[in-house]
Structure formats: C-alpha cells, structure tokens
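Student:
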Amino acid sequence: MLPVDHPLAPATYGVLLVGLIAVLVTRAIRKDRREYQRFKRYRTTRRRQALYRKWLIESFAWFGGSALVVLLLVWPYLPLMLEEVDHWPAVSAFHDLLEEGGALAQWLIGGGSLALLAMITLSVFLARNATEQVPTIGDIHALLPRNRAELRFGALLSVNAGVVEELLFRLALPVLIFAVVGDAFAAVVASVLVFGLLHAYQGAPGLIASLVVGAILMAIFLLTGSILWPIIVHALFDLRSLVLIPVVVYRVHEK
580 MLPVDHPLAP ATYGVLLVGL IAVLVTRAIR KDRREYQRFK RYRTTRRRQA
630 LYRKWLIESF AWFGGSALVV LLLVWPYLPL MLEEVDHWPA VSAFHDLLEE
680 GGALAQWLIG GGSLALLAMI TLSVFLARNA TEQVPTIGDI HALLPRNRAE
730 LRFGALLSVN AGVVEELLFR LALPVLIFAV VGDAFAAVVA SVLVFGLLHA
780 YQGAPGLIAS LVVGAILMAI FLLTGSILWP IIVHALFDLR SLVLIPVVVY
830 RVHEK
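If you count the sequence shown from 1, you need to add 579 to reach my numbering.
(1) Evaluate contact between the region 796 to 816 and the region 730 to 750, counting only Cβ atoms and requiring at least three cross-stretch pairs below 8 Å.
(2) Quick one: Cα of S645 to Cα of W634, how far?
(3) Output the boundary residues of the alpha helix (DSSP H) element that contains L650.
(4) Please confirm whether P809 and L723 have their CB atoms less than 9 Å apart.
(5) Quick one: residues in its chain with C-beta nearer than 7 Å to the C-beta of L581, no 5 flanking neighbours on either side, listed in chain order?
(6) Thinking just about the alpha-carbon of each residue, which of Q781, A758, A788, D762 is nearest to the one in W667?
(7) What does a CB cutoff of less than 6 Å around V653 pick up in its chain, not counting 5 residues either side in sequence?
(8) Assuming N739 and F639 are in contact, meaning their beta carbons sit under 8 Å apart, how far apart are those beta carbons, in whole angstroms?
(9) Write down the C-beta distance between H813 and G741 rounded to the nearest angstrom, noting that I regard them as a contact closer than 8 Å.
(10) What's the C-alpha gap between I806 and L750?
(11) Assign T710 to one of three DSSP states: helix, strand, or coil.
(12) Where does the unbroken alpha helix (DSSP H) through V771 begin, and where does it stop?
(13) F816 lies in the alpha helix (DSSP H); which residues open and close that run?
(14) Would you tell me roughly how many angstroms separate the C-alpha atoms of L821 and L815, rounded to the nearest one?
(15) Just to check my reading of the structure: D817 and S737 have Cβ atoms closer than 8 Å, yes? What is that Cβ distance to the nearest angstrom?
(16) So, helix, strand or coil for V822, using DSSP?
(17) Would you tell me roughly how many angstroms separate the C-alpha atoms of E678 and S671, rounded to the nearest one?
(18) Closer than 7 Å by C-beta to L726: which residues in its own chain qualify, once you throw out the five before and the five after it? Chain order, please.
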C-alpha cells in the first residue's frame, strides 16, 4: 500500500486498474458469453447444476478476491472519495434532509424502500397464473432454476452476487479509479459503465437494465455512505429473479 501522496501512486494503481479491467472484459467476452450459450443448450439438471456450482465458486473467488486485494491497497482513498461526493448538491441535500427530518425522514426513506420492494414482489404474484413466459429484462430465462435442487443454487448465487459484486463494483473499483484519476464523478460513472458492459451477454436490454440497476445501487451507496444497503438490495433483487419467480410462477419447488 502506497501513501496517498506518493508520487508513484497514480501510475502504480493505474497499472492495477488496466489489468483488472482487461481481465474483467476478457472474461465477459470470451468466457461468460461462451459458457452462457452452452448453459442455454443444457437439458439435464446435472449439467446445469455443475455449471451453477462452477459460477458460484468462480464468482466468489474472483470477484470477492479481487475486491479484497484492491480494497487492501486503496482503502485510504475511500474517505477522500466520499468526502468529495458529500459536496455534490444532491448528496448534500439528502444528508441535510436526514439531519433536519431526523427519525421521520429515516422512516419515510425506509417506508419508501419497503413499498418499492412490495410492488416488485406483488408483480411476481400477479403473474403466477400467466400462460406464457414471465417477461424479464434481458436474456435470463435460461438462468431460472427448474427444480428444487437448482433452486438452492439460485438462492446461493443471488446472495453471493449481492455481496461480492457490490464489494467490487460499488466499492473497490470506484475507489481504485479515484486513486488513479483523482475525480469522484469520473470514478462513479466509469464503474457503473463497467458493471453494465459486463452484462452484455444478456443482450442489449440486459445491458441497459444492468446500467440502470448499477446506477441505482451506486446512488444508494453514495447517499447512505454504507455498502451494506446496496448489498441487501442487490441480493433481494436477484432473489426475486432466481427464487421468487421460479417458486411462485413456475412452482419449481414441487419438481
């Protein structure tokens, strides 16, 4: 770990950033797309579960490990980035609202979050009698578990994604970019773009949806100053897709 004011720090972290982005993009283009296309052709649950398991282990090791290494190296830059973010008008106004409104403002924010989650959940229950496929954003129908055994992997993948992807894309990556360029806005925008582009294997709708979701999760992190809330929201969102829809609509827990 180099001191924040070390003259070689930007260049050193720049090399690390280029290497990390190169590996992420290469995996997304050559590996993730190829494996997902192969997964879509699988018909037996044994082969599907094997690839679920492989994705779970690799995601935990690669995303989680990368996030840990990067955070250990650039942790001193985190408070500097958040300090700059705190001066953004929207963030500053939000924090003023929390301070002025006190407990009432926090209850309103919590109630709004619960209402949004309830609406998303209700949409699944309203589609439980659908005669056709439930509409999804992006090409993810093949990912949905098809029986009780696969459902366990859906739950594990959802929680794992919530933890390791948020640690990497909402925390470690933007702080690393900030350590290189010294600009919080550029770091936030670039990390959101990277997150969206890595979902290109889901098609254009999936890429756009990932950009929107990534921006929302980033906003939650910056407004609250805590990575815990994006982790929870991300995990719940994925659980809706990989657990709630298969159970409520397709009743895979009975298979």
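Even glycine gets a Cβ: it sits at the ideal position worked out from N, Cα and C.
Tutor: Concretely, from the data shown:
(1) The way I'd put it, the region 796 to 816 does touch the region 730 to 750; three or more beta-carbon pairs between them come closer than 8 Å.
(2) Cα-Cα distance, rounded: 16 Å.
(3) Counting along the chain, the alpha helix (DSSP H) containing L650 begins and ends at 644 to 653.
(4) Their beta carbons are not under 9 Å apart, which means P809 does not touch L723 by this criterion.
(5) Closer than 7 Å at the Cβ level, and outside the excluded window around L581, lie L587, A588, T591.
(6) Of the listed residues, the one whose Cα sits closest to W667 is D762.
(7) Taken in chain order, the residues that qualify are V754, L755, A758.
(8) Correct: roughly 6 Å between the Cβ atoms.
(9) A Cβ-Cβ separation of about 4 Å places H813 in contact with G741 under the 8 Å criterion.
(10) Approximately 7 Å, taken between the alpha carbons.
(11) Low local confidence applies: a pLDDT of 49 at T710 is under 50, so the model's placement there is unreliable, with the coordinate-based value given in what follows. Of the three classes helix, strand and coil, the one that applies to T710 here is coil, per DSSP.
(12) If you look at V771, you'll find it in the alpha helix (DSSP H) that goes 763 to 776.
(13) Segment 807 to 818, the alpha helix (DSSP H) holding F816.
(14) Between L821 and L815, the C-alpha separation is close to 10 Å.
(15) Sure, about 4 Å apart at Cβ, within 8 Å.
(16) Helix, per DSSP.
(17) Roughly 11 Å between the two C-alpha positions.
(18) Reading off the sequence shown, one finds Asn at residue 726, where the question assumed Leu. Excluding residues up to 5 positions away in sequence, T624, V831, K834 lie with their Cβ nearer than 7 Å to the Cβ of N726 in the same chain.
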